[in-house]
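K.L.:
So the sequences go chain by chain: P and C. Numbers given in the numbering used here equal positions in the first sequence, counted from 1, plus 15. Numbers given in the numbering used here equal positions in the second sequence, counted from 1, plus 15. One structure coming up, written as structure tokens, with questions to follow.
2 protein chains.
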Amino acid sequence: MNTKYLTRPTEVAKSFLKETLKKGDVVVDATMGNGNDTLFLANMVGEEGKVISFDIQDLAISNTRELLEKNRLSGVELIQDGHENMDTYIRDEISGAMFNLGYLPKGDHHIVTTAETTIVAIEKCLTFLKKNGIVTIVIYYGHDEGKIEKEKVINYVETLESNKFHVMKVDYINQTKEPPLLITIIKK
Amino acid sequence: MNTKYLTRPTEVAKSFLKETLKKGDVVVDATMGNGNDTLFLANMVGEEGKVISFDIQDLAISNTRELLEKNRLSGVELIQDGHENMDTYIRDEISGAMFNLGYLPKGDHHIVTTAETTIVAIEKCLTFLKKNGIVTIVIYYGHDEGKIEKEKVINYVETLESNKFHVMKVDYINQTKEPPLLITIIKK
């Protein structure tokens, strides 16, 4: 039995994207980090597709470039800029986007995503999103700034018009620690 | 793209069960209703498996029997008793169970599941559940009794020990109506 994936929001997000994305799609990795989501997306959309990935940190860009080279994957644009500026770089409609909010694992934990820029980035993402397109947002909120970001992001997505979007929240509700949660937005 | 299933808790529940169940499994439909979940489970576990389905209403039993005959499916035990008595009938470990709380669609809307018996049923279910087994609970709470049931069931599952179970809640948070929500319990 394969229930393990159900216990991790990042894996639940991927399972939703797997059901949705297809070869040739244009997608966004809004938080490149160490490149794992970029790699996942590149495999989903194939050589015919395109992944546009954002991060402000040198380390994220170099780690992701290395990971992609190791896996011999192309068709990815690595952009060193904040995801709140994504409209400067995106020219096509997109089928999906991934956000992984918090800090860069194994990086500088003082550099974190923050509510203001995150919400601008989500908003911009939704304007490029196709009908039936999907945005997944995993929120880590163990750190102080993360708690504020979590509240603000939830407050924001709750206000998305119900006739335009489905907003789903996946929460682990019996854990003693603060497990990440997953927001999924689907465009009607 | 196939996002439609993501917008309905009943379909999300089925997608989780599909990932988990296999031929030969023993499973429970705790709320037989019109038999749709029983049919789904019977197809999942195949002829080698077994579905044990519960409902107190004549109409549920007869509708489900008809549906199974139409689909030429056997290996299902239809039990006319409350799901809170399931330990009288179950002899094996189970791999999964489905609950669909509320009233029988197209039946008597005054006959509803209630928190007290539902929680006893969930508790008993968990004692039979295998490691990595999965219980899905879809809660409709448009009716008054449903709101109480929803609160009590959530309060109960939140107390399940985190070293024994993962409890996931799937909620649609931008809808103006009261969309059903999904609780998924996975045994560690």
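Ideal Cβ placement from N, Cα and C applies to all residues, glycine included. Quantities reported herein were computed from a predicted structural model and do not represent experimental measurements.
Look up Ile-76(C) in the DSSP assignment and give the residues it is bridged to.
P.N.:
Looking at the DSSP assignment, Ile-76(C) forms no beta bridge with any residue, so it has no partner.
K.L.:
Would you say Asp-107(C) reaches chain P, if we count a Cβ-Cβ gap shorter than 7 Å as a contact?
P.N.:
Taking Cβ atoms only, chain P never reaches closer than 7 Å to Asp-107(C), which makes this a no.
K.L.:
So, at 6 Å on beta carbons, what are the nonlocal neighbours of Glu-63(C) in its own chain, with the 5 sequence-adjacent residues on each side left out?
P.N.:
Lys-38 and Gly-39
K.L.:
Any chance the CB of Ile-163(C) is under 6 Å from a heavy atom of the ligand NAP?
P.N.:
Because no ligand of any kind appears in the structure shown, any question about the ligand NAP cannot be addressed here.
K.L.:
Would Asp-70(P) be called buried (16 or more neighbouring beta carbons within 10 Å of its own) or exposed?
P.N.:
buried
K.L.:
Taking three-plus beta-carbon pairs below 8 Å as touching, is the region 158-177 of chain P in contact with the region 78-91 of chain P?
P.N.:
Contact annotation: the region 158-177 of chain P does not touch the region 78-91 of chain P, with fewer than three C-beta pairs closer than 8 Å.
K.L.:
Assuming Met-183(C) contacts Tyr-187(P) (C-beta within less than 8 Å), just tell me the rounded distance between them.
P.N.:
6 Å
K.L.:
By Cβ distance below 7 Å, which residues in the same chain neighbour Glu-131(P) in space, the five residues on each side in sequence not counted?
P.N.:
Contacts found: none.
K.L.:
Which chain C residues sit within Cβ distance under 8 Å of Thr-25(P)?
P.N.:
Per Cβ cutoff of 8 Å: no residues; Thr-25(P) is ~13 Å from chain C at best.
K.L.:
So Phe-31(P) contacts chain C; which residues on that side make the cut at Cβ distance below 7 Å?
P.N.:
Leu-21
K.L.:
For Met-101(P), which three-state DSSP category applies?
P.N.:
helix
K.L.:
My guess is that Ile-109(C) and Lys-145(C) are in contact by the Cβ rule of under 8 Å, so how many angstroms apart are they, rounded?
P.N.:
7 Å
K.L.:
For Asn-49(P), count the other beta carbons within 10 Å of its own beta carbon; 16 or more makes it buried, fewer makes it exposed. Which is it?
P.N.:
Buried, by the Cβ-count rule.
K.L.:
Use the C-beta contact count for Ser-89(C): other C-beta atoms within 10 angstroms, 16 or more gives buried, fewer gives exposed.
P.N.:
exposed
K.L.:
Mind checking if Thr-191(C) is an interface residue toward chain P, Cβ cutoff 7 Å exclusive?
P.N.:
yes
K.L.:
Using a cut-off of 9 Å between C-beta atoms, extract the partners of Lys-184(P) located in chain C.
P.N.:
Scanning chain C for C-beta atoms nearer than 9 Å to the C-beta of Lys-184(P) yields Lys-184, Val-185, Asp-186, Tyr-187 and Ile-188, reported in chain order.
K.L.:
How big is the Cα-Cα spacing for Gly-111(C) and Phe-143(C)?
P.N.:
9 Å
K.L.:
If you run the structure through DSSP and keep just helix, strand and coil, what is Met-16(P)?
P.N.:
Bear in mind that the predicted position of Met-16(P) carries a pLDDT of just 46, short of 50, making it unreliable; the figure below should be weighed with that in mind. If DSSP states are grouped into helix, strand and coil, Met-16(P) belongs with coil.
K.L.:
Taking the continuous beta strand (DSSP E) assigned at Met-183(P), which residues delimit it?
P.N.:
Counting along the chain, the unbroken beta strand (DSSP E) around Met-183(P) starts and ends at 180-187.
K.L.:
Let me see if you follow: with CB-CB separation under 7 Å, is Asn-147(P) close to chain C or not?
P.N.:
yes
K.L.:
Rounded to whole angstroms, what is the Cα-Cα separation between Ile-149(C) and Val-185(C)?
P.N.:
15 Å
K.L.:
Taking C-beta pairs closer than 8 Å, name the residues in chain C that Ile-201(P) reaches, listed in chain order.
P.N.:
Thr-18, Leu-21 and Thr-22
K.L.:
CA-CA distance, Thr-103(P) and Tyr-20(P)?
P.N.:
35 Å
K.L.:
Using a Cβ-Cβ cutoff of less than 6 Å, which residues in the same chain neighbour Met-16(C) once the five nearest sequence positions on both sides are dropped?
P.N.:
Confidence is the limiting factor: at Met-16(C) the pLDDT is only 46, short of 50, which leaves the residue's position unreliable, though a coordinate-based value still follows. The answer is none, since no qualifying residue turns up.
K.L.:
Distance cutoff 7 Å, beta carbons only. Does Thr-35(C) sit that close to anything in chain P?
P.N.:
yes
K.L.:
Does DSSP classify Lys-37(P) as helix, strand or coil?
P.N.:
coil
K.L.:
Report the partner residues of Leu-116(P) according to the DSSP bridge assignment.
P.N.:
Ile-154(P)
K.L.:
Going by CA-CA distance only, name the one from Val-127(P), Asn-78(P) and Thr-199(P) that's closest to Thr-97(P).
P.N.:
Inspection of the sequence shows that residue 97(P) is occupied by Gly rather than by Thr. It is Val-127(P).
K.L.:
Rounded to the nearest angstrom, what separates Lys-65(C) and Val-41(C) at their Cα positions?
P.N.:
5 Å
K.L.:
If you measure from the beta carbon of Leu-175(C) to each beta carbon in chain P, is any gap under 7 Å?
P.N.:
yes
K.L.:
Measuring alpha carbon to alpha carbon, tell me which of Thr-191(C), Thr-151(C) and Thr-53(C) ends up nearest Lys-202(C).
P.N.:
Thr-151(C)
K.L.:
Would His-181(P) pass as an interface residue toward chain C - the criterion being a Cβ-Cβ separation below 7 Å?
P.N.:
yes
K.L.:
What are the boundary residues of the alpha helix (DSSP H) that includes Asp-123(C)?
P.N.:
Premise fails: Asp-123(C) is in no alpha helix (DSSP H) and is neither H nor E.
K.L.:
Rounding to the nearest angstrom, what Cα-Cα distance links Ile-200(C) and Val-27(C) in this structure?
P.N.:
So the alpha carbons of these two residues sit roughly 14 Å apart.
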